[in-house]
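One line per chain: the protein sequences are A and B, in this order.
Following our numbering, the numbering of the first sequence begins with 2 at its first residue and continues without gaps.
Following our numbering, the numbering of the second sequence begins with 13 at its first residue and continues without gaps.
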Amino acid sequence: EPEVTQTPSHQVTQMGQEVILRCVPISNHLYFYWYRQILGQKVEFLVSFYNNEISEKSEIFDDQFSVERPDGSNFTLKIRSTKLEDSAMYFCAVSGYLHNEQFFGPGTRLTVL
Amino acid sequence: ILNVEQSPQSLHVQEGDSTNFTCSFPSSNFYALHWYRWETAKSPEALFVMTLNGDEKKKGRISATLNTKEGYSYLYIKGSQPEDSATYLCAFISYNTDKLIFGTGTRLQVFP
Numbered sequence: 002e003p004e005v006t007q008t009p010s011h012q013v014t015q016m017g018q019e020v021i022l023r024c025v026p027i028s029n030h031l032y033f034y035w036y037r038q039i040l041g042q043k044v045e046f047l048v049s050f051y052n053n054e055i056s057e058k059s060e061i062f063d064d065q066f067s068v069e070r071p072d073g074s075n076f077t078l079k080i081r082s083t084k085l086e087d088s089a090m091y092f093c094a095v096s097g098y099l100h101n102e103q104f105f106g107p108g109t110r111l112t113v114l
Numbered sequence: 013i014l015n016v017e018q019s020p021q022s023l024h025v026q027e028g029d030s031t032n033f034t035c036s037f038p039s040s041n042f043y044a045l046h047w048y049r050w051e052t053a054k055s056p057e058a059l060f061v062m063t064l065n066g067d068e069k070k071k072g073r074i075s076a077t078l079n080t081k082e083g084y085s086y087l088y089i090k091g092s093q094p095e096d097s098a099t100y101l102c103a104f105i106s107y108n109t110d111k112l113i114f115g116t117g118t119r120l121q122v123f124p
């Protein structure tokens, strides 16, 4: 059974619309991450989340992005006003300890038109 | 800017061949190196987490070595099988940070 599931698997949206990507870890994990991969490029770190707050974020993670764990299980990534360049595969990952192996979800493919 | 490089970008081998690929990373401020195996349409799956210089880890036919002083790690696959076909990613973590910095990956294709 996978450690992490993500919904939706594919989201198509219009530029300027808000999207929420969801991640559901199966077991108890302490650390949560979002990464993305733009087609043909490296997997890039977006944000890490620990103890209900952002632990670290990259330069990509600007004011248009936010994360939360509203109910203590789902971990969400919100993009407030999507741009064409936000089109990418978004991966959620979790780990039990800092710097330990991370368990990745299957990803959400976001297409912004 | 911290950069992680992997070579080769892609590799095609026959079933039964042994193969290896390289991950280069910054040698300063090193904390850990991760290797992940990523099959098409699946989640990246952790293979190894390596922290000590000289570390050597093994999982079945796959093994990895680590040289933190010169900033490289090798991944070896002995007797490649078609099910080994995947992209192999390495990722570097430095001290005082949470983030994995990924290489571009090596795409391995094993032909029967």
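Note that beta-carbon positions come from the ideal geometry of N, C-alpha and C, so glycine has one too.
The structure displayed is predicted, hence computed values, not measured ones.
Item to complete: State the DSSP-derived secondary structure class of proline 107(A), mapped to helix, strand or coil.
Response: coil
Worksheet item: Apart from the five residues on each side of it in sequence, which residues of its chain come closer than 8 Å, Cβ to Cβ, to proline 56(B)?
Response: Tyr48, Arg49, Trp50 and Leu101
Worksheet item: Could you give the residue range of the beta strand (DSSP E) that holds proline 1(A)?
Response: Because chain A here runs from 2 to 114, residue 1(A) falls outside it and cannot be looked at.
Worksheet entry | Residues of the segment 41-53 of chain A whose Cβ lies closer than 7 Å to any Cβ of chain B, in chain order | Listed by position along the chain: Lys43, Val44, Phe46 and Ser49.
Worksheet entry | Residue span of the beta strand (DSSP E) that contains serine 96(A), given as start and end | 89-96 is the extent of the beta strand (DSSP E) around serine 96(A).
Worksheet item: Out of Val44(A), Lys43(A) and Val5(A), which has the shortest C-alpha to C-alpha gap to proline 26(A)?
Response: Val5(A)
Worksheet entry | Endpoints, the beta strand (DSSP E) within which serine 106(B) is located | 98-106
Discussion item. Whether or not the segment 86-97 of chain B and the segment 17-31 of chain B are in contact is what I'm after, with contact meaning three or more pairs of Cβ atoms, one per stretch, closer than 8 Å; do they touch?
Written reply: yes
Discussion item. Please state whether the Cβ-Cβ distance between alanine 89(A) and tyrosine 34(A) is less than 8 Å.
Written reply: no
Worksheet item: Got a sec, what are the start and stop residues for the beta strand (DSSP E) leucine 40(A) sits in?
Response: Element bounds for leucine 40(A): n/a, residue is neither H nor E.
Item to complete: Starting from valine 122(B), follow its DSSP beta bridges and name the residues at the other end.
Response: Val25(B), per the DSSP bridge assignment.
Worksheet item: Tell me, which residues are paired with phenylalanine 62(A) by DSSP?
Response: Note: phenylalanine 62(A) sits in no beta bridge, so no partner.
Discussion item. Quick check on methionine 62(B): buried or exposed, where buried means 16 or more other Cβ atoms within 10 Å of its Cβ?
Written reply: So methionine 62(B) ends up on the buried side.
Worksheet item: With distances taken from CA atoms, which of Thr52(B), Leu120(B) and Phe114(B) is nearest alanine 44(B)?
Response: Phe114(B)
Fill in: Contacting residues, own chain, Cβ-Cβ under 8 Å from asparagine 79(B) (five flanking each side not counted)
Asn65, Gly66 and Ser85
Worksheet item: Which residues, in order along the segment 54-74 of chain B, keep a beta-carbon less than 7 Å from a beta-carbon of chain A?
Response: Lys54, Ser55, Pro56, Ala58 and Val61
Discussion item. Tell me the rounded alpha-carbon separation between leucine 78(A) and serine 106(B).
Written reply: 25 Å
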